[in-house]
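What follows is one structure encoded as structure tokens, with my remarks underneath.
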Amino acid sequence: MKRYLILFLLTFQGLMAQVQFEARVSKNTLGVNERLRIDFIMNVDGDNFEQPSFEGFKLVAGPSQQISQSWINGRSSFQKIYSYILQPEKKGALTIKQAAIEFNGQIYKTNPIKVTVTNAVAQERDPNDRPPGSGNELLTLVAEISKTNPYLNEPITVVYKLYFNNIGVTGFKELAKPKYNDFWNQNIEIKQLAIEEGNFQGQRCYYVILKKAILYPQKSGKLTIEPLSLDIGVQLPTNRRDMFGQMITVEDNKVVSAGAKTINVRPLPESTKPEGFTGAVGRLNFTVTPSKTTLKNGESLDLIVSAQGTGNMKLFTLPKPVVPNALEMYDPVHDENVTTSLSGMSGRITDKYTIIPQYRGKYAIKPMQFSYFDLSTGTYKTITSKEIMVDVLDGPTPAEANTGEKASKNAIAKTDQFRHIKTRTALIPLAKNDFYGSNLYLGLLLAPFVIIPLIILARKRKEAIDSDVTGNRIRMNNKLAKKYLSQAKKHLNNKEPFYIALEKAMHNFLKAKLHIETSEMSKDNIRELLLSRKANAETVQNFITLTENCEFARYAPASSASIQQDYDKAVMIISELEKQIV
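Going left to right, the sequence shown walks through residues 13 to 594 as my numbering numbers them.
Below, the structure is given as structure tokens:
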């Protein structure tokens, strides 16, 4: 009897055993260049194991399965583990979804696990973490920076080089793009990747230049360049050889990062800063040139104000001339002829003012001063233009113009003094016609027979419009494009709201014309879609260039002339695309 009782208790204990099924990760926070191990652990022999989809991760290895079972003091224990090695494909908060098993007809699921993926982190290489037979493989990504303590608006370059040795590189893709917050930046085009011989930390190796960029810091203090991270396909050597004696290689993927870089930006000296300094830094020349100095009545002259040389050409404004009241000066036309290379920006920027004299006489345009910070000497330099004399040969004098203006006002006053006396009458008959039988009566009587069919037609048209989801979206995007373009025009004197509104206007124009969503707005996709719709290649390139400039312009000072010019370009490009797109 005692034996049966013990057997019953053991059976009851087995029936009451709780099923445990959980997921465990090696870490909850990791860099984009690190790997993650996840184990799905169960204390019963479950069937029909379903792994999650691992969205945002690449499956490096797995599943591997482990089973262990033991009896201790008459009690059994069982454990089954499915293990995976994962590689994150992007930064951010990622979620590993539920896995599932079936046991005794019931479904059991793990809890979702949240994992935070950060920027790439420095990793110490484990000498044991290599294929057999290897010992001196090299694969590293380096960001070479020309200067780590520049002045504000002094150009620096960053060159990304991939060094490798005794390893085959089959391809790569970007996991994280470098971000240049608080820098004006421009990538320098690399037409073709070339493998060159070099030296890294005393070791002879090969390298490839992947990216080049020129940066102009727009803020003083410590600025951070977020790293470039790559997922690289490699061929690793082993200690095995084939039948011909050739070394056998294995395919693998490695994640490398250039690491974050800190730039300590020095402010420009405040104590010696000249009055009217607008941020020019480099080595520059300044000229003020009139198209002519002798004019007749009704003629105009062009006053060309320009700076040329090397420096932050797109990031400062030219001084504005001061002219006498007798000369009417219009807003300038801004022009830039600037090239950007690894050595920085160089070229010429120009403001051209049109000036029209109002009266006869001689007038002086005062000398203009332009200041810039010279990087070679570390001091400010000021260039002063010469005074320009404008001689207007004929036309009214200021005294004659004032006399003529007073006479005109007196004549107007005399003609206005009798305006209250009416010269015409409008007589209204006292006797009125009856409403019954009048034209108004007949119109109101027949109005329902006309209005009701119109209401029915309007309602049917509204229902048709409401059911046309695609058409409504296109009309809404058209409406938003016009709205934001109008907002941009209102903010011509306010840089940041102007460029935000202009960028939204151009994006909504694309949505309306190409029937695409925001997620599809990559540069290559936009170019392909516009060209397929018969748009002119030059117009398409101008559109893409202007959208990129909208983002750059938020971090750089801009004159009212350049803002007006960008607005005019946007209107012209949108108008051209309206005509070209089929």
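Glycine included, C-beta positions come from ideal geometry on N, C-alpha and C.
Counting C-beta atoms within 10 angstroms of its own C-beta, TRP196 has 16 or more neighbours from the protein chains shown and is therefore classed as buried. Boundaries of the beta strand (DSSP E) harbouring ALA376: 373 to 377, taken from the DSSP string.
For GLY294, the closest C-alpha among the options LYS378, ILE464 and GLU166 is that of GLU166. Cα atoms of GLU282 and THR391: separation of roughly 11 Å, rounded to the nearest angstrom.
The C-alpha of GLY43 is placed about 48 Å away from the C-alpha of THR362. With distances taken between CA atoms, GLY214 lies nearest to ASN177 out of ASN177, GLN230, PRO190 and LEU187.
Inter-residue distance for ILE586 and GLN499 is about 16 Å (C-alpha atoms, whole angstroms). For ASP536, the enclosing alpha helix (DSSP H) begins and ends at 535 to 544.
The region 297 to 306 makes no contact with the region 201 to 212; the number of CB pairs closer than 8 Å stays below 3.
Restricting attention to THR274, ILE226 and SER269, the CA atom closest to the CA of LYS234 is found in THR274. Looking only at ARG87, ILE79 and ALA105, the smallest Cα-Cα distance to SER95 is reached by ILE79.
Residue range 356 to 369 is occupied by the beta strand (DSSP E) that includes PRO369. The Cβ-Cβ distance between ASN131 and GLN91 does not fall below 9 Å. CA-to-CA, the gap between ASP59 and ALA112 works out to about 9 Å.
The three-state secondary structure of ILE53, taken from DSSP, is strand. The alpha-carbon of THR409 is positioned some 21 Å away from that of THR366.
Only buried fits ASP243, as 16 or more other CB atoms lie within 10 angstroms of its CB. When the five nearest sequence neighbours on each side are left out, the beta carbons in the same chain lying within less than 6 Å of the beta carbon of LYS223 are those of TYR172, in order along the chain. Unbroken beta strand (DSSP E) stretches of 3 residues or longer found wholly inside the region 205 to 292: 207 to 212, 215 to 229, 233 to 237, 241 to 253, 259 to 269 and 273 to 277, given in chain order. For LEU150, the uninterrupted beta strand (DSSP E) run begins and ends at 150 to 157, by DSSP. Using a 10 angstroms sphere on the CB of THR122, the tally of other CB atoms reaches 16 or more, which defines it as buried.
In the structure shown, MET341 falls within a strand segment according to DSSP collapsed to helix, strand and coil. Two segments are said to touch when three or more pairs of C-beta atoms, one from each, lie closer than 8 Å; by this definition the region 328 to 348 touches the region 380 to 400.
Under the DSSP assignment, ALA524 falls in the alpha helix (DSSP H) whose first and last residues are 507 to 526. DSSP places ALA500 in the helix class (H, G or I) of the three-state scheme. Secondary structure at TYR448: coil, using DSSP grouped into helix, strand and coil.
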